[in-house]
Structure formats: C-alpha cells, structure tokens
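In my numbering, the protein residues as written are 1 to 192.
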C-alpha cells in the first residue's frame, strides 16, 4: 500500500482518488482551504482545474520533489469552450514537468469522464481504459499497475510529449459531451 495525495475534491479528484483506493491504497484529498502537510504521498494527483494548477505547484513545489505527479488536466477555456489555454506545440503536462524538474510527471485520466472511472465502464458495456504518457518508464509502470489493480485497463501512449494528443482528445470528448453527442457515461473506449 502506498499513500496517495489528491489536490482537488471535485468529481474528477474523487473519481481518480477512488481508483487508487479501489486498488488498496491510502488516499487523502486536499482542497483550497486544506492544511497540506509537509510529507505528501508517494504519488500526488493534480485534480484541480488547469487554471488553478500553477498556484498549487508554486505553493507546494518543495513538497513535490521526488514524487510521481499525475496531471489529469485538460487545459480548456471552459468559459468559451472554444480554445485551449496553452500554446500550440506543448501540453499542460510538459509545462508542469518544466516547473517540477525534481518530480516525475505522468499524464493520465484526462480522457476519462468521472462516471467512467467510478463505474469502470464506458456506456455500461466496455471496461474503462486510462491512457497514460510519461518519460519515466518505471513511474508509468507503477501508475499503470495501480490502475489495473483497480480493475481498469491501461494504454501507454508513449513519451510525455504525447500528452499533446491526449489533451486534444480530452478537449474533443468534453465538447462532444457538452453538445450532447455523447453522455458523460459514454466517451472514448479502447478495444484491445
């Protein structure tokens, strides 16, 4: 069992934390008003909105050293739903990795809706698969195993720069749901 720290108490923070709890790990959530201890879990999940993540990273950079940091963000302008909030040719995960050179950043969960993580199914039919990207193979293997232990599938899409495509997929899936082309119980499914 490992300790998991989750920044974010919203639907996604609870759902992603629930995945790790289902795998038998100790999960602690922190919100905006939380006192954050100096000793965070071995894995830290950033589950706040993208616009709030830089402040979380800046406030806790020292505490994040040596940790696996999972970025679940989709850097979308949710006010207009018409643009990404990052420059072309990069990803939120890469930006966070640059801000956290002594941490290991892994991208995961951003192409999953919270309902798919809690039910472990897409459209109540197909096992949910979490797509994951990162430059550290050991960190990806660790996170992947915990996800599998919770009963979900994993698809490793490669290096952290593949987060660019994952974030574009996440954005498109959100748009489809907002336009009611898919439900929040539906979404992307990977068949192996």
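Glycine included, every Cβ here is placed at the ideal spot set by N, Cα and C.
Because the structure is a prediction, the values reported are computed rather than measured.
- Relative to residue 34, the option among 5, 182, 15 and 95 whose CA is nearest is 5.
- Of the candidates 139, 136 and 112, 112 places its Cα closest to the Cα of residue 73.
- Distance between residue 69 and residue 179, taken at the CA atoms: about 32 Å.
- For residue 38, the closest C-alpha among the options 54, 66, 16 and 13 is that of 66.
- Contact check between the stretch 161-175 and the stretch 57-66: fewer than three CB pairs, one atom from each, fall below 8 Å, which does not count as touching.
- With a cut-off of 8 Å on Cβ pairs, the stretch 80-97 is not in contact with the stretch 16-34, counting fewer than three such pairs.
- Just so you know, the alpha carbons of residue 136 and residue 90 end up roughly 18 Å apart.
- Counting of Cβ neighbours within 10 angstroms places residue 10 among the exposed residues, the total staying below 16.
- The stretch 91-98 makes no contact with the stretch 114-121: fewer than 3 CB pairs, one atom from each, lie closer than 8 Å.
- Under DSSP, residue 5 forms a beta bridge with 28 and 44.
- Within the DSSP secondary-structure output, residue 106 pairs in a beta bridge with 70 and 134.
- Inter-residue distance for residue 17 and residue 42 is about 13 Å (C-alpha atoms, whole angstroms).
- Annotated three-state conformation of residue 129 is strand, per DSSP.
- If you ignore the 5 residues before and after residue 8, its C-beta comes within less than 6 Å of the C-beta of 47 and 48, all in its own chain and listed in chain order.
- In this structure residue 106 touches residue 134 by the C-beta definition: roughly 4 Å separates them, less than 8 Å.
- When DSSP states are grouped into helix, strand and coil, residue 153 belongs to the strand group.
- Between the C-alpha atoms of residue 85 and residue 76 there is a straight-line separation of about 6 Å.
- If you look at residue 76, you'll find it isn't in any alpha helix (DSSP H); DSSP assigns it neither H nor E.
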